[in-house]
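**Q**
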Amino acid sequence: MSPSEAGEEPRIAVGCMSGTSLDGLDVAVLEIRGRGLGMVPRLVRGVSASLGPLGLVLRGIAEQRPMSAGEMALASFELGELHARAVVEALGGGRPELVCVHGQTVFHAPPVSWQMINPWPIVRATGAPVVFDLRGADVSRGGRGAPITPIADAVWLRGVPGAWAAVNLGGFCNVTVGRGGVVERAGDVSACNHVLDAVARVGMRVPHDEGGRRALASAPDPAIVGLFEGAMEGQRRGGRSLGTGDELAGVVGEALSSRDPGVVAASACEALGAVIARAVGGVGVFLAGGGANHAALVGSITRRVARAGGAVSMYDEAGLPARWREAACFAVLGALCRDGVAITLPSVTGVGAPAPLAGVWAYPASDAPRGGAPA
């Protein structure tokens, strides 16, 4: 941060994230000092909102069930309204400099990727510019559009001594390995919560194995561990962006056909721990994402990383509560877009160099620029 930037008033940026696990919407409000890659963000407040009945509609779209254009347009509008209410609640008054919205991924198979969102209810409710479709520019230039948060992780973790790894335990697990404020490598690993949630929905008849209790109470079966690990390791070695069709539903069905759901869940956690540990190596690991609340999964990762000489912590240890990491990273990405900084890396997504500036802007009439993003 330059001396002139240090004297600037902090700006308020809002980030919104609804992941492929469809377990809710997270909104993070940040205070940001400085600009570009030297910015210093601080979490002010976080709010979560249930998707409610809309979640079932979005799951149907993501699972490619037949639906009319009108039904999809209504879902996009209702998702925008849900975001608007959650952002207003999180702000608690006042107007941010920007709102950055990921939207709901309903299809991802580069070069085609759709993060569904109608941004206009958010613009109307906040009176602020909204940036969305952050993956579009990357895939248009030959990139995979994911993972998209490595640069934001480097902003949050640059003060960590030595090498670090940010591990997002979402629908798909992705990792970023870096040192200081530099990203050394990053990529998708394998299906993660998609597997654990499918075991819960199909085998246990519940949305989630809350806290991983059934998995913790069961012993993994070596054969089932091997079944999952083979499929997950294949995804890790594939070196591609994971998305639609990569949820390993067939492997889950095969495992459940012969074993108790608790055993299958415990086995999946063991496999995930092994594959994730190979992806990060023996460094300081910071966990985030919904899977960070799954005790059996966290335990498996911790044991495997320790064998490699590393240590596992929650993202909280870096100064940002793990539950708000993705939303907070999107607020940082939105601020970088505002500052004219590319948010993806050719070495990570495969996008042609130089990486393009990202984001589509929707803005209130009072902020309408004469070309380009709001000034």
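Under this note's numbering, read the sequence shown as residues 121 to 495, first letter to last. We put the beta carbon where it would ideally sit given N, CA and C, even for glycine. It should be emphasised that the depicted structure is a prediction, and the values quoted were computed from it without experimental measurement.
1. By Cβ distance, which residues of its chain are closer than 7 angstroms to residue 221, with the 5 residues on each side in sequence left out?
2. Are the CB atoms of residue 153 and residue 128 within a distance shorter than 8 angstroms?
3. With residue 136 as the anchor, note down where its beta strand (DSSP E) starts and where it stops.
4. Which whole-angstrom value is the C-beta distance of residue 448 and residue 440, which I expect to be below 8 angstroms?
5. Less than 8 angstroms between the C-beta atoms of residue 344 and residue 295, yes or no?
6. Can you name the start and end residues of the beta strand (DSSP E) that residue 184 belongs to?
7. Please report how far the alpha carbon of residue 346 lies from the alpha carbon of residue 391, in whole angstroms.
8. With a 10 Å radius around its C-beta and 16 neighbouring C-beta atoms as the bar for buried, classify residue 187 as buried or exposed.
9. If you compare alpha carbons, which of 257, 330, 317, 171 is closest to residue 475?
10. How would you write the range of the beta strand (DSSP E) that residue 128 sits in, first residue to last?
11. What residue does the beta strand (DSSP E) around residue 234 start on, and which one ends it?
12. Please tell me whether residue 269 and residue 140 are closer than 8 angstroms, where the distance is taken between their beta carbons.
13. Going by C-alpha distance, which of 265, 350, 457 is nearest residue 363?
14. With C-beta atoms as the reference, is residue 484 less than 8 angstroms away from residue 247?
15. Determine the DSSP secondary structure at residue 415, reduced to helix, strand or coil.
16. Whose C-alpha, out of 454, 287, 143, 335, is nearest the C-alpha of residue 151?
17. Could you tell me which of 287, 217, 371 sits nearest to residue 457, measuring between CA atoms?
**A** Reading off the structure:
1. If we look at residue 221 and ignore the five residues flanking it on each side, its Cβ neighbours are 136, 203, 237, 239, 242, 250, 252.
2. Pairing residue 128 with residue 153 gives a Cβ-Cβ distance under 8 angstroms.
3. Here the beta strand (DSSP E) through residue 136 covers 131-138.
4. Their Cβ separation, rounded to whole angstroms, is 6 angstroms, which keeps residue 448 and residue 440 in contact under 8 angstroms.
5. No Cβ-Cβ contact shorter than 8 angstroms links residue 344 with residue 295.
6. No beta strand (DSSP E) holds residue 184; DSSP gives it neither H nor E.
7. Rounded to whole angstroms, residue 346 to residue 391 spans 7 angstroms at the Cα level.
8. Exposed: under 16 other Cβ atoms inside 10 Å.
9. That would be 257, whose Cα lies nearest to the Cα of residue 475.
10. Counted as a single uninterrupted DSSP element, the stretch harbouring residue 128 is not any beta strand (DSSP E), since DSSP gives it neither H nor E.
11. Taken as a continuous stretch (DSSP letters only), the beta strand (DSSP E) holding residue 234 covers 232-236.
12. Cβ distance not < 8 angstroms, so residue 269 and residue 140 don't count as in contact.
13. When only C-alpha atoms are compared, the closest one is 265.
14. Closer than 8 angstroms, so yes.
15. Of the three classes helix, strand and coil, the one that applies to residue 415 here is helix, per DSSP.
16. Nearest option by C-alpha distance: 454.
17. Out of 287, 217, 371, the CA that lies nearest to the CA of residue 457 is found in 217.
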